[in-house]
Amino acid sequence: MAEFISRSEKKRMYKQVGSLAAEVADLSDKELKSFPGGTVIHEEILATRGLKGGSRNRQIKYLAKVLRQGPIDEMYLYVTNRKGSQLHAQKQFHVAERMRDTLISEAVEQHQECLKEQIPFEPDWKSQCIGDFLDDCPSLKETEMRKVIYQYVTTRNKQHYRELFRMMKAAVETKERLQGS
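If you read the sequence shown in the numbering used here, its first letter stands for residue 484, the second for the next number, and so on.
The structure is reproduced here in structure tokens:
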């Protein structure tokens, strides 16, 4: 099962990149020299400088569109390190949420199929998403993750839902630290 991203989540992601674009548009010349974006992004940032009001907002939206076309992780880190921004932390939070929701929805679908076929739902169900997330975040422990997902799906206890989120968030943060080193 491929990761499903709802329309609302896509809108939130676009809005987050828009916030990044607004912060990037306010960079000084000195900060812009060390900014990791390419020449196209630098030109768009410079084009934003003299504008006010609605035209500035349109230019920032266009800058966000340009930013979305390439990898923006380095830009998040740059803005976070330079300005003390919370954008990178918010991005990690949303990634962890998406991972949790994808795993939960896959497990719920599998549980529904087991109920239809009248077979027991086991913690070691076949999952494409778990393998993908384990490859992406090697710090995750598969048995613990499966146990928490199984407990949530069978009991619907929100404590397990929150525990899975904590596991995902820790894995995303660990992955970011390892990539930063």
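The C-beta atom is built at its ideal place from N, Cα and C for all residues, glycine as well. Since we're looking at a predicted model, the values are computed, not measured.
Within 10 angstroms of the Cβ of residue i, are there 16 or more other Cβ atoms? Answer buried if so, exposed if not.
i       : result
Lys-574 : buried
Ala-572 : exposed
Val-523 : exposed
Ile-497 : The identity of residue 497 in the sequence shown is Tyr, whereas the question assumes Ile. By the neighbour-count rule (16 or more Cβ atoms within 10 Å), Tyr-497 is not buried but exposed.
Leu-647 : buried
Ile-632 : buried
Thr-585 : buried
Please state whether DSSP places residue i in a helix, a strand or coil.
i       : result
Gln-499 : helix
Asn-564 : helix
Asn-640 : coil
Phe-518 : coil
Phe-648 : helix
Lys-574 : helix
Asp-512 : helix
Give the range of the alpha helix (DSSP H) segment to which residue i is assigned.
i       : result
Leu-529 : 522–532
Asp-753 : Absent from the structure is residue 753, since the part of the chain shown begins at 484 and ends at 664.
Lys-544 : 537–551
Going by beta-carbon coordinates alone, are residue i and residue j separated by less than 9 angstroms?
i       : j       : result
Met-651 : Leu-617 : no
Thr-637 : His-577 : no
Leu-581 : Glu-492 : Before going on, a small fix: residue 581 reads as Arg here, not Leu. In this structure, Glu-492 lies closer than 9 angstroms to Arg-581 by Cβ.
Glu-527 : Gln-542 : yes
Ala-579 : Ala-505 : no
Note down, in chain order, each residue of its chain lying with its Cβ closer than 8 angstroms to the Cβ of residue i, except the 5 sequence neighbours on either side.
i       : result
Ile-555 : Val-500 and Leu-503
Excluding the 5 residues flanking residue i on each side, which residues of the same chain have their C-beta closer than 6 angstroms to its C-beta?
i       : result
Trp-608 : Gln-593
Which residues in the same chain have their Cβ closer than 7 angstroms to the Cβ of residue i, if we skip the five residues on either side of it in sequence?
i       : result
Tyr-559 : Leu-503, Leu-570, His-571 and Lys-574
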